[in-house]
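First up is the structure itself, then whatever we jot down about it.
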Amino acid sequence: MALIHLQNVVKVYESQAGNVTAVNGISASFDEGEFTAIVGPSGCGKTTLLNAIGGLDRPNQGNIHIDGLDIVGLKDRELIDFRLKHIGFVFQAYNLIPVLTALENTAFILELQGIGKKEREARAMELLQAVGLADRAQNRPSQLSGGQQQRVAVARALASRPRFILADEPTANLDSKSTETLLDIMAELNQKEKTTFIFSTHDQRVIDRARRILPLEDGQIVKS
Amino acid sequence: MAWRNIWRSPWRSGVVIGAMALGVWAGIFMMGWATGLNDARTRSMLDDNVGHGRITSVEFDATKSSSALIPRLQPILNDLQEDPEVTAIAPRLVIQAMIQSGSGAAPAMVLGVYPKAEKTVFKSARTITQGRYLDQETADEIVLGEELAKRLEVGIDDRLVLTFQDINGEVHSGLFYVVGLYDGASNLLEETMLYVPALNIAQQMEMLDSVPRSQSFPVAHEVCFRVKDPYAMDGTIRQLREQDSLRLVNLSHRENIESLEQLNRDEMRTIVREWRSISPELGYADEIMAQSLLLFMTIILLAMAFGILNTMLMAILERTRELGMLMAVGMNKRRIFTLIVLETLLLSFAGLPIGLLLGHGTLAVTSQTGITLKGVEQGLAEFGMESTIYPVTVPEFYLPIAGLVFVLAFLSALYPARKALKLNPIESMRVL
Numbered sequence: 056m057a058l059i060h061l062q063n064v065v066k067v068y069e070s071q072a073g074n075v076t077a078v079n080g081i082s083a084s085f086d087e088g089e090f091t092a093i094v095g096p097s098g099c100g101k102t103t104l105l106n107a108i109g110g111l112d113r114p115n116q117g118n119i120h121i122d123g124l125d126i127v128g129l130k131d132r133e134l135i136d137f138r139l140k141h142i143g144f145v146f147q148a149y150n151l152i153p154v155l156t157a158l159e160n161t162a163f164i165l166e167l168q169g170i171g172k173k174e175r176e177a178r179a180m181e182l183l184q185a186v187g188l189a190d191r192a193q194n195r196p197s198q199l200s201g202g203q204q205q206r207v208a209v210a211r212a213l214a215s216r217p218r219f220i221l222a223d224e225p226t227a228n229l230d231s232k233s234t235e236t237l238l239d240i241m242a243e244l245n246q247k248e249k250t251t252f253i254f255s256t257h258d259q260r261v262i263d264r265a266r267r268i269l270p271l272e273d274g275q276i277v278k279s
Numbered sequence: 006m007a008w009r010n011i012w013r014s015p016w017r018s019g020v021v022i023g024a025m026a027l028g029v030w031a032g033i034f035m036m037g038w039a040t041g042l043n044d045a046r047t048r049s050m051l052d053d054n055v056g057h058g059r060i061t062s063v064e065f066d067a068t069k070s071s072s073a074l075i076p077r078l079q080p081i082l083n084d085l086q087e088d089p090e091v092t093a094i095a096p097r098l099v100i101q102a103m104i105q106s107g108s109g110a111a112p113a114m115v116l117g118v119y120p121k122a123e124k125t126v127f128k129s130a131r132t133i134t135q136g137r138y139l140d141q142e143t144a145d146e147i148v149l150g151e152e153l154a155k156r157l158e159v160g161i162d163d164r165l166v167l168t169f170q171d172i173n174g175e176v177h178s179g180l181f182y183v184v185g186l187y188d189g190a191s192n193l194l195e196e197t198m199l200y201v202p203a204l205n206i207a208q209q210m211e212m213l214d215s216v217p218r219s220q221s222f223p224v225a226h227e228v229c230f231r232v233k234d235p236y237a238m239d240g241t242i243r244q245l246r247e248q249d250s251l252r253l254v255n256l257s258h259r260e261n262i263e264s265l266e267q268l269n270r271d272e273m274r275t276i277v278r279e280w281r282s283i284s285p286e287l288g289y290a291d292e293i294m295a296q297s298l299l300l301f302m303t304i305i306l307l308a309m310a311f312g313i314l315n316t317m318l319m320a321i322l323e324r325t326r327e328l329g330m331l332m333a334v335g336m337n338k339r340r341i342f343t344l345i346v347l348e349t350l351l352l353s354f355a356g357l358p359i360g361l362l363l364g365h366g367t368l369a370v371t372s373q374t375g376i377t378l379k380g381v382e383q384g385l386a387e388f389g390m391e392s393t394i395y396p397v398t399v400p401e402f403y404l405p406i407a408g409l410v411f412v413l414a415f416l417s418a419l420y421p422a423r424k425a426l427k428l429n430p431i432e433s434m435r436v437l
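Written out as structure tokens, the structure reads:
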């Protein structure tokens, strides 16, 4: 059975200019261990689709099953808990907590999950080593470069061993070298930890490394 | 994390903490100052006429009858003299009378005093403005207030007639010479209260017939006493009451009084009162003052709370994206709420100990040095107060103030926290 299964998902936004259909009847499945890029031009619905898969936004129509559970039917409180336990997020703007060190940022999700300090710090350190930032563990985000911050964000997303990671334009703010490093790390973690990665991107460097491409246009999957 | 969040904007948080410290300091100082002022006024009243404590017979306490003398006075005086907390005693007679001069008459409360003892407890005996105070135990001398002297149109060496009932109900009149005028804490006191030697008036009232004359204080309606600290005399009062019961038990053994009813008769028993009970208005003034001061502090802290609310709202606004991210990754509403409330409480409580310490320190110093008020000496003197006021430290208020800060900080956190909880993660981040 697929890890994620989308069935006829529709998301319509209301605006003063009229209704905008961002996702228009998408049906798709994602298996465990995938390294998939959802690609397409700006405004094609990539982010909206990721938001829906991540339980951050509710579709107007359709079902989203994760491990067989229909997350559209979950209450807000249950969705928050679901996200905490099962989904890792990597954001375009890194979104690290500025007052916490790299180690604390990495361990943050584990802290929310109520994991003890020793255990979460050990796991956070293991991941910082994996992303090559063990020596910067005590640095705050402001003391790290953009690429380093995004690597910490990936480590944070992986810390709780989520079922899958959603990464929205993770390389949009990175230079070529940082992008390559980040992609190497994510690919390695995908192999090593068997973590499922789903990106939204229009960065060719990411597209080149993805093992599956899901092209989107006007809120629909383009048949290739 | 909440503590670190406060220091994201050190300058802004510093200003809020400083303002809180300053507000608490000002409030504490005002409390200490007002309490000092009130204490000075209270002590002045206690010194003037009320005394710190008073023992009477139960019957006199209820009826003010001149025949209701304190039963077995000597053991009571002995107990008082042996009490380490009691610093002075003044037995007195209290008699309702009419006073008459050549120009008029007035009702009066005659205090029959033992002059030397009276001086140790009350200030009235020391605030003579004309003439002198009573100095002989049995002379036909009288000291009255300036106001009454004015009303009766008498001065030093003039004669006055006192008319009163003796303990047998017979009406007596006695002639007295004015030897001194006093300046009391209030005009009412000066108009009604006058002093004569106790032994003189006791003789005229036929109180001494059954009492050995060898005793220094043979009779009294009341025994007024001073203690070391009139604000901490609960223990002394309790002990004196216990001693009274003990005396009755001893008496029952010694005199073979077996009937409990006989022992419980009002004229056999005494009642011990402290100043708040003798003069309830002074106690009320203390309570009203305490409540007013807390109200004053609440107003100061309320103003602070709005400042804190504003600061927290700004913090929420600046951290919208971050709060959105926290919600997105799975931080639930309870945790978000706790984070905001905790930040607000920490911000508020950071200034509190500084303000308390500063306030306490200022009061500790000024309570020793005093603060002299220039230009209002006359007004204060009218209340029998000195122009130098000694503020007092007010540790009893610190806990209520901390409680107030907690409540107001919590309340001022609610609105920013509600704002934070209403954030939509996607709109807040505009990323994923």
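Protein chains in written order, with this note's numbering: chain Y, 56 to 279; chain U, 6 to 437. Even glycine gets a Cβ: it sits at the ideal position worked out from N, Cα and C. From a predicted model like this one, the values you see are computed outputs, not experimental measurements.
By the Cβ rule, the stretch 168-183 of chain Y counts as touching the stretch 208-224 of chain Y, because three or more pairs are nearer than 8 Å.
Of the candidates U/Arg-13, U/Trp-30, U/Pro-15, U/Trp-30 places its Cα closest to the Cα of U/Ala-407. When C-alpha distances from U/Thr-125 are compared across U/Asp-53, U/Ser-219, U/His-226, the shortest belongs to U/Asp-53. Setting aside the 5 residues that flank it on each side, Y/Val-75 is surrounded in the same chain by Tyr-68, each with a C-beta closer than 6 Å to its C-beta; the list follows chain order. When DSSP reads this structure, U/Gln-86 sits in no beta bridge, so it has no partner. In the DSSP assignment, U/Arg-137 falls outside any beta strand (DSSP E), carrying neither H nor E. Annotation for Y/Ile-262: Ala-92, Val-94, Thr-256, Ile-268 place their beta carbon closer than 8 Å to its own, counting only its chain and skipping 5 residues before and after. At least one beta carbon of chain U lies nearer than 9 Å to the beta carbon of Y/Phe-144.
Annotation for U/Pro-202: the continuous beta strand (DSSP E) segment containing it runs 198-202. Proximity of chain U to Y/Pro-153 at the Cβ level (cut-off 8 Å) is accounted for by Arg-13, Glu-327, in chain order. Residue pairing by DSSP puts Y/Asn-118 in a beta bridge opposite Y/Gln-62. Met-330, Leu-331, Met-332, Ala-333, Val-334, Gly-335, Met-336, Asn-337, Lys-338, Arg-340: these are the residues of the stretch 330-356 of chain U whose beta carbon lies less than 9 Å from some beta carbon of chain Y, given in chain order. Contact annotation for U/Arg-9 against chain Y: Val-154, Leu-155 [CB-CB distance below 8 Å, chain order]. Only residues of its own chain outside the window of five on either side were considered, and among them Ser-417, Tyr-420, Pro-421 have a CB closer than 7 Å to the CB of U/Leu-314, listed in chain order. Within the same chain, Cβ atoms closer than 8 Å to the Cβ of Y/Lys-140 are found at Gln-168, Ser-215, Pro-217, the five residues on either side in sequence being excluded. Close partners of Y/Arg-132 in chain U (Cβ separation under 8 Å): Asn-337, Lys-338.
For U/Met-317, no chain Y residue has a Cβ inside 8 Å of its Cβ, as the nearest lies near 16 Å away. Neighbours of Y/Asp-258 across chain U, judged by C-beta separation under 7 Å, do not exist; the nearest C-beta is about 15 Å away. Not a single CB atom of chain U sits nearer than 9 Å to the CB of Y/Arg-175. If you draw a straight line from the Cα of Y/Gly-117 to the Cα of Y/Leu-61, it comes to about 8 Å. A residue is called buried when at least 16 other Cβ atoms come within 10 angstroms of its Cβ; Y/Asn-115 does not meet this threshold and is exposed. For U/His-177, the enclosing beta strand (DSSP E) has its first and last residue at 176-187.
Segment contact: the stretch 188-201 of chain U against the stretch 142-159 of chain U, three or more CB-CB distances shorter than 8 Å; contact assigned. Under a criterion of Cβ atoms nearer than 8 Å, the residues of chain Y adjacent to U/Met-6 are, in order, Ile-152, Val-154, Leu-155.
For U/Ile-22 against U/Leu-361, the beta-carbon gap comes to about 13 Å, at or over 8 Å, which does not count as contact.
Y/Ile-164 has a beta carbon lying within less than 9 Å of a beta carbon in chain U.
Put simply, the backbone Cα of U/Val-91 is about 26 Å away from that of U/Ala-207.
For Y/Arg-218, no chain U residue has a Cβ inside 7 Å of its Cβ, as the nearest lies near 13 Å away.
Closer than 9 Å to the CB of Y/Leu-129 there is not a single CB belonging to chain U.
Taking a beta-carbon distance threshold of 9 Å, U/Met-309 does not count as an interface residue toward chain Y. A distance below 6 Å between beta-carbons, with the five flanking residues on each side excluded, links U/Ser-72 to the following residues of its chain, in chain order: Ile-172. If you look at U/Asn-315, you'll find it in the alpha helix (DSSP H) that goes 285-323. A Cβ-Cβ contact shorter than 9 Å links U/Ile-394 with U/Leu-42. Contact annotation: the stretch 142-160 of chain Y does not touch the stretch 347-354 of chain U, with fewer than three C-beta pairs closer than 8 Å. Among the bridge pairs identified by DSSP, Y/Glu-159 is matched with none. Counting only residues of its own chain and dropping the five nearest sequence neighbours on each side, U/Leu-328 has a CB closer than 8 Å to the CB of Ile-321, Ile-341, Ala-425, Leu-428, Ser-433.
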